[in-house]
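Residue numbers (UniProt numbering): 1 to 305. Report on the following structure.
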Amino acid sequence: MASQAEILNALRGPLGCNGVRSIEGMGPMRQETLERRLAAAQGQISRDTMAAIYATWLQEQVHRAQGPPPPAVLDAWCRFLIAHGCDKKILTIVWMQAALNALGKWCQVMTNEKVRDVRMSIVNEIAIRCPDADAMDVDRQQVPSQGKYISLKPERPWLTMLAIDPCGSTGSAKAGLKSPDQAESQCRVCGSKKHFSDECPGKAFGYGPSSSSESSAPPGVQGSQETSVPRRQGRRAGFVRPDGSLGQQGSPQTGLQAMSPGAAIPETGSHGKLVNANDSGGPNADPLLTGTANQQPVAQGSLSS
Numbered sequence: 001m002a003s004q005a006e007i008l009n010a011l012r013g014p015l016g017c018n019g020v021r022s023i024e025g026m027g028p029m030r031q032e033t034l035e036r037r038l039a040a041a042q043g044q045i046s047r048d049t050m051a052a053i054y055a056t057w058l059q060e061q062v063h064r065a066q067g068p069p070p071p072a073v074l075d076a077w078c079r080f081l082i083a084h085g086c087d088k089k090i091l092t093i094v095w096m097q098a099a100l101n102a103l104g105k106w107c108q109v110m111t112n113e114k115v116r117d118v119r120m121s122i123v124n125e126i127a128i129r130c131p132d133a134d135a136m137d138v139d140r141q142q143v144p145s146q147g148k149y150i151s152l153k154p155e156r157p158w159l160t161m162l163a164i165d166p167c168g169s170t171g172s173a174k175a176g177l178k179s180p181d182q183a184e185s186q187c188r189v190c191g192s193k194k195h196f197s198d199e200c201p202g203k204a205f206g207y208g209p210s211s212s213s214e215s216s217a218p219p220g221v222q223g224s225q226e227t228s229v230p231r232r233q234g235r236r237a238g239f240v241r242p243d244g245s246l247g248q249q250g251s252p253q254t255g256l257q258a259m260s261p262g263a264a265i266p267e268t269g270s271h272g273k274l275v276n277a278n279d280s281g282g283p284n285a286d287p288l289l290t291g292t293a294n295q296q297p298v299a300q301g302s303l304s305s
């Protein structure tokens, strides 16, 4: 803090208070007048000198009132010095130094207990007006917001958050909220653990999720309520469709019988009956079975050669 001689020189020089001859002469000066002179001379005096002059003026107000200054005076004092680069630490130091320098004068008009109480009450008022101890004047210096993000509880706690692919990946970034049915580890339609019930391919064929009673069964027997798709059965040999075409020839041969070149090949007649090609026919053979029914009839009345 500047000495009393430096304060007087600043008052008479840059501030232009030529009528002030001593520190006590600052007492009658109005607060608005002192602030206007300090603001005009801020380019000629340092920040510490400005704070020391203003703190000396404040302790003179305490001496004259024999008690703490009004709250409005202290508010204006803190606001002005903060606006010119002072923080909580500087305000506390300059005030304590100014009060201790005038300790003798204070003790002449106040008791020791009151002197201590008044001095510490102003220190507490400075702390109340400067709680952050740093950038306290938001009007003077617009600092970036240091607010923290607040984590709110979800409105629907039953939802389960699932991880999704990051931006730019080849995967599909679907919504990360899944219902409890989707959050199961096993599909309720087909029993697979590779997809959820809502994504089961079996739903496209009319299958739905199993009931609650079936869901309690062991994983190996879980499945759909619907019966499985029946296996396609072969038609009987010799089946003829209504249009006359054969629906299916005889049952397929397997093994060496199908590969043998001399194996008998079943044939069908024109009426859809199964005929054995090796059967040459007997005396009672039906011409429809032997294939003679397909021969053209001889016209009656023709001369034989």
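Think of the CB as a built atom: it goes at the ideal place given N, C-alpha and C, for glycine as much as any other residue.
Per DSSP, the continuous alpha helix (DSSP H) segment holding Leu-58 begins and ends at 47 to 65.
In this chain, Ser-197 is not harboured by any alpha helix (DSSP H), its DSSP state being neither H nor E. Per the Cβ contact rule, the region 56 to 72 is in contact with the region 97 to 104 (3 or more Cβ pairs under 8 Å). In the three-state reduction of the DSSP assignment, Met-29 falls in the coil class, being assigned neither a helical nor a strand state. Taken through DSSP and simplified to helix, strand or coil, Asn-18 comes out as coil. By the neighbour-count definition (other C-beta atoms within 10 Å, threshold 16), Thr-33 is an exposed residue.
Thr-92 sits in a helix when the DSSP states are folded into three classes. Closest by C-alpha distance to Cys-78, out of Leu-91, Gln-66, Pro-68, Glu-24, is Leu-91. Counting only residues of its own chain and dropping the five nearest sequence neighbours on each side, Ala-2 has a CB closer than 7 Å to the CB of Asp-48, Thr-49, Ala-52.
Leaving aside the five residues that flank Ala-10 on each side, the residues in its chain whose CB is nearer than 8 Å to its CB run, in chain order, Ala-2, Ala-41, Ile-45, Thr-49, Ile-53. In its chain, beyond the 5 residues on either side, Leu-58, Gln-61, Val-62 have a beta carbon closer than 7 Å to the beta carbon of Pro-69. Between Ile-126 and Trp-95, the C-beta spacing is below 8 Å. Listed in chain order, the non-local C-beta contacts of Leu-81 below 7 Å within the same chain comprise Ala-51, Tyr-54, Leu-91, local neighbours out to five positions each way being set aside. When secondary structure is reduced to three states using DSSP, Ala-83 falls in the helix class. Scanning its chain for C-beta atoms nearer than 6 Å, with the 5 sequence neighbours on each side dropped, one finds around Gly-27 the residues Glu-60, Arg-64, in chain order.
The C-alpha of Gln-186 lies about 16 Å from the C-alpha of Tyr-207. Secondary structure at Arg-119: helix, using DSSP grouped into helix, strand and coil.
Collapsing the DSSP output to three states places Val-189 in coil.
Excluding residues up to 5 positions away in sequence, Gln-186, Cys-200 lie with their Cβ nearer than 8 Å to the Cβ of Ser-192 in the same chain. Leaving aside the five residues that flank Arg-129 on each side, the residues in its chain whose CB is nearer than 6 Å to its CB run, in chain order, Cys-78.
Taking C-beta atoms as the reference points, Gly-16 and Arg-30 fail to come closer than 8 Å.
Taking the C-beta atoms as reference points, Gln-66 is found nearer than 8 Å to Met-110. A direct Cα-to-Cα measurement between Glu-6 and Val-73 gives close to 24 Å.
Just so you know, the alpha carbons of Asp-117 and Ile-23 end up roughly 23 Å apart.
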